[in-house]
Every structure is written in C-alpha cells, then in structure tokens.
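What follows is one structure encoded as structure tokens, with my remarks underneath.
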Amino acid sequence: MFIENPASETVSKRIIISGGGTGGHIFPAIAIANALKEADPGTEILFVGAKGRMEMEKVPQAGYSIFGLDIAGINRSNMLANLGFPVKLVKSLLAARKVIRDFKPDAAVGVGGYASGPLLLAAGFSGVPYLIQEQNSYAGVTNKFLAKKAQKICVAYPGMEQFFPKEKLVITGNPVRGDIGSVSKDDPRVWEYFGGLNPEIPTLLIIGGSQGARTINESIDAGLERLVAAGYQVIWQTGKLYIEKARERAKAFPAGRIWVSDFISQMPYAYAAADVVISRAGALSISELCLVGKPAIFVPLPTAAEDHQTQNALALVREEAGRLVPDAEAREKLIPETLALFSQPEVRKAMSRRIRQLAKPTAARDIAGEVRKLAR
C-alpha cells in the first residue's frame, strides 16, 4: 500500500529510498531525502519500508510518500519463527519489482533495515543504479551481498575496504537530523522543555534508543540514589516498556532531579542540557554525539547483528573519544564509570574535543550528491 503525501508534482528525477525499522535508519533516510530536495526541489522521492514498522508513520509525517513491503527480519533467537520468511521474501521481491516498474526511479538508495534487501535486489534486476549507505563500522551480511551490484557505497568509518570493493567506497559519515547541534545549553527553551531541572546542576542524559534499553534502564534505576547524592540531575529516556516503573522511582527524589519520558521529542534540547551521555552504540546515536561533542559512555546492544554496536563503540574508544561498558557488565560498572567521568572535568573536555573531530556535518548533502550522480 502507498501512504501518500498530499503534495505531488511532475519532476525530472525520481529516487527511491528504502529501509527503516528503527529511528537509526529512518532519520538518516529522511535527512538524505531532505538534502536531495534542497539540491533540486523538483526531485520526486518514494520511500519503501516494512509494513507495521516505524517508518510507515514517521515518513509521511516528514512529508514523503511510502510504500510498505510485507517483510520482517530473521528471528535469531527462535528459528521456528522464520518458517514463513522465504515466502515473505519472495512476495516482497515481487512487490518491489512492481514498485520499480510503476515508479520508474532513476536511482535507488538503501539505508539498512528490512525493506532495503528486497528493494535493492529488485533494483539490480531491473537495471536501476543503486547506492548503499552503510552506517556501521562492521558491515552486515545483507549489505555485503548487495554491494556486488551497487554503484557506490557511502560509509561512516575508514577501513571499510575489508568488507566492500575499495573503488566503490565514499567516506561521507552518517546523516543526522538537521536540527541536531542547533541549540546551546543557555537557551531557555531547553529548561522549559525539561521543566523543573536546574541549568546549574551537572546533567546526565540516558538514551537507550527509540525503543529503550532494559539493561541500561535497570542499571540507572539501581543507581539513582548514588547519582543524586553525588549532586547530579538526570534526563532519562526509558522507552515505552519501562516508563511506568521509572516514573514511580522518580517520585522518591526531590522535585527537579529526575526527568523521565518514554521518548524525547526534542533531542537537540537533550543534547544541549547534557554534560555526560549514556547511550547504546547505534550509528545514528554515535553520529549525533560526534556532532554535538558530548562525552559518552556506550553500552552496546549485545543482540545487534554481527555485534556491530560493539564495533561502532570500539571505533571511538580507540580514538579516546568515548568509553565502553559491555551490556553484561552494566549493572555492576555503569554507575561507577559514570561517577568517575563526572569527577574528571579535564578528561571530559578531551573526550568532547576528540569526539567532535569525528563529526561529519555535511553527510546528508554529500550522500545526496552521490545519488544525484547516479541518477544522471
């Protein structure tokens, strides 16, 4: 099914952007679309996502049309749940080929997520040039396979020739939302949004990704007393599954010390308020933290494909631009590591400087430029 954006017009170039599943894929995809529109407002863009996933809501909200494929990922913890996967894959390939026949794109882009595979395979079969945007420092099986017919592969980290043909690589960095880094800590809107918090108190920001993170939540829950006793305040994004418990925990502390929400809609304000950040190590989170230059402790998601989040975090640790606490050790080590970092202002300054040096603020524009070359 198509979910249409009301505005449509005849345009010279047509681009399909495929992928999604999480905010880490969707927001960069939208950033690329916006950059394409900025370069040429006449560009016509169609997104292809997975039915029932976040992109089916977020993409139309951003002003773009989207087509949903009936596809899901492989369940690595329960192989019996994958019995229907081959059928869904074939159906998605056929649907993707029909989308390409009907839309007649000049080029296609895959940003990762369930829908990227079928769409880019169909693009390859149909002779449509395509570009892969590999966000992580460790390439997954699907992108390595799709790279064989890709014209270009935009990457965020050096050394990716171990996964892809060197002649196809372009180091662009990962696109981030356009408003990231646009707000300063002394902006009154920051503290209006986080009502009750004090701009004079050092602030810890916890972001477990758009879906939350159980281990991080439980570690923070167990350590709130120590954080508050040490003189810090907390901005805690929990995800939906932990929000009620977190709200109850926050009531045990003085007003204005613990701010909790299942989802932070204004991430520029959150980054502006933060002195230290605890985060998963998804590509989008890391790219945003590089741009805003915040010292961060990463707790990689252990179930991420090919353990790519650990590889992402290690890429920063090697540059002394971040710290890593393994998920299995978080309940024991996360709070002590956080308190130690707060107590070392010179270390925080150095980490901030180093992580900012890794930022790629023009990533969306650079990727859009590569897409436009393919579409000629």
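Residue numbers for the sequence shown follow the UniProt record's numbering, so the first one is 1 and each next one is one higher. Don't be surprised by glycine CBs; every beta carbon is placed ideally from N, CA and C.
Alpha helix (DSSP H) containing Y114: first to last residue?
Counted from its first residue, the sequence shown places residue 114 at position 114. No alpha helix (DSSP H) holds Y114; DSSP gives it neither H nor E.
Is it the case that the Cβ atoms of V48 and G68 are separated by a distance below 9 Å?
For the purposes of this step, residue 48 is identified with residue 48 of the sequence shown, where counting begins at 1. For the purposes of this step, residue 68 is identified with residue 68 of the sequence shown, where counting begins at 1. Here V48 is near G68, since their CB atoms are less than 9 Å apart.
Just curious, the beta strand (DSSP E) that E44 is in, first and last residue?
Within the sequence shown, residue 44 is the residue found at index 44, counting from 1. Going by DSSP, E44 is part of the beta strand (DSSP E) stretching over 44 to 50.
List the whole-angstrom C-beta distance separating A50 from G113, where the pair is believed to meet the contact cut-off of C-beta under 8 Å.
As a first step, residue 50 is located in the sequence shown; it is residue number 50 there, counting from the start. As a first step, residue 113 is located in the sequence shown; it is residue number 113 there, counting from the start. With 8 Å as the limit, A50 and G113 qualify as a contact, their Cβ atoms being about 7 Å apart.
Just how far apart, CA to CA, sit G173 and G256?
On the sequence shown, position 173 is the one that residue 173 refers to. On the sequence shown, position 256 is the one that residue 256 refers to. Spanning the two alpha carbons is a distance of roughly 37 Å.
Compare the C-alpha of I355 against each of M56, E332, E319 and name the closest.
Within the sequence shown, numbered from 1, the residue matching residue 355 stands at position 355. In terms of CA proximity to I355, E319 leads the group M56, E332, E319.
Since K245 is in the beta strand (DSSP E), which residue starts that stretch and which ends it?
Against the sequence shown, residue 245 aligns to sequence position 245. Boundaries around K245 are those of the alpha helix (DSSP H), 243 to 250, since no beta strand (DSSP E) includes it.
With DSSP as the reference, label Y271 as helix, strand or coil.
Against the sequence shown, residue 271 aligns to sequence position 271. Y271: helix per DSSP, three-state reduction.
What distance in whole Å lies between the Cβ atoms of A108 and A123, which are believed to be in contact at a cut-off of 8 Å?
On the sequence shown, residue 123 is found 123 positions in, with the first residue counted as 1. On the sequence shown, residue 108 is found 108 positions in, with the first residue counted as 1. Going by Cβ atoms, the distance from A123 to A108 rounds to 4 Å, so yes, they are a contact pair.
Exposed or buried, what is N198 when buried is set at 16 or more other beta-carbons lying within 10 Å of its beta-carbon?
Position 198 of the sequence shown, counted from the start, is the residue given in the question as residue 198. Looking at its Cβ environment, which holds fewer than 16 other Cβ atoms inside 10 Å, N198 is exposed.
Please determine, among R177, K333, E225, the residue with the shortest C-alpha to C-alpha distance to F253.
The sequence position of residue 253 within the sequence shown is 253, counting from 1. Comparing Cα-Cα distances from F253 to each of R177, K333, E225, the minimum goes to E225.
To the nearest angstrom, how far is the alpha carbon of R247 from that of L334?
Residue mapping note: residue 247 aligns to position 247 of the sequence shown, counting from 1. Residue mapping note: residue 334 aligns to position 334 of the sequence shown, counting from 1. Rounded to the nearest angstrom, the two C-alpha atoms are 21 Å apart.
Does the beta-carbon of residue 424 have 16 or more other beta-carbons within 10 angstroms, so that it is buried, or is it exposed?
The chain is shown only over 1 to 376; residue 424 falls outside these bounds and no answer can be derived.
For W236, which beta-bridge partners are listed by DSSP?
As a position in the sequence shown, residue 236 is number 236, starting the count at 1. Beta-bridge partners assigned by DSSP to W236: I206, V260.
Using DSSP bridges, identify the partner residues of S18.
As a position in the sequence shown, residue 18 is number 18, starting the count at 1. S18 is bridged to V48, G110.
Here's the rule I'm using: 16 or more other beta-carbon atoms within 10 Å means buried, otherwise exposed. How should G127 be labelled?
If you number the sequence shown from 1, residue 127 lands on position 127. G127 is exposed by the Cβ-count criterion.
Exposure of Q135, with buried meaning 16 or more beta-carbon neighbours within 10 Å:
Residue mapping note: residue 135 aligns to position 135 of the sequence shown, counting from 1. Burial of Q135 is indicated by the presence of at least 16 other C-beta atoms within 10 angstroms of its C-beta.
S287, DSSP secondary structure in three states:
Within the sequence shown, numbered from 1, the residue matching residue 287 stands at position 287. Under the three-state reduction of DSSP output, S287 falls in the helix class.
Assuming G181 and V292 make a contact with CB atoms under 8 Å, what is their CB distance in whole Å?
Here residue 181 refers to the residue found at position 181 of the sequence shown. Here residue 292 refers to the residue found at position 292 of the sequence shown. Sure, about 5 Å apart at Cβ, within 8 Å.
In chain order, what residues of the same chain have a beta carbon less than 8 Å from the beta carbon of V99, not counting five sequence neighbours either side?
Along the sequence shown, read from residue 1 onward, the residue named residue 99 stands at position 99. Around V99: I16, L46, V48, F67, L119, A122.
Alpha helix (DSSP H) containing F145: first to last residue?
Within the sequence shown, residue 145 is the residue found at index 145, counting from 1. For F145, the enclosing alpha helix (DSSP H) starts and ends at 141 to 146.
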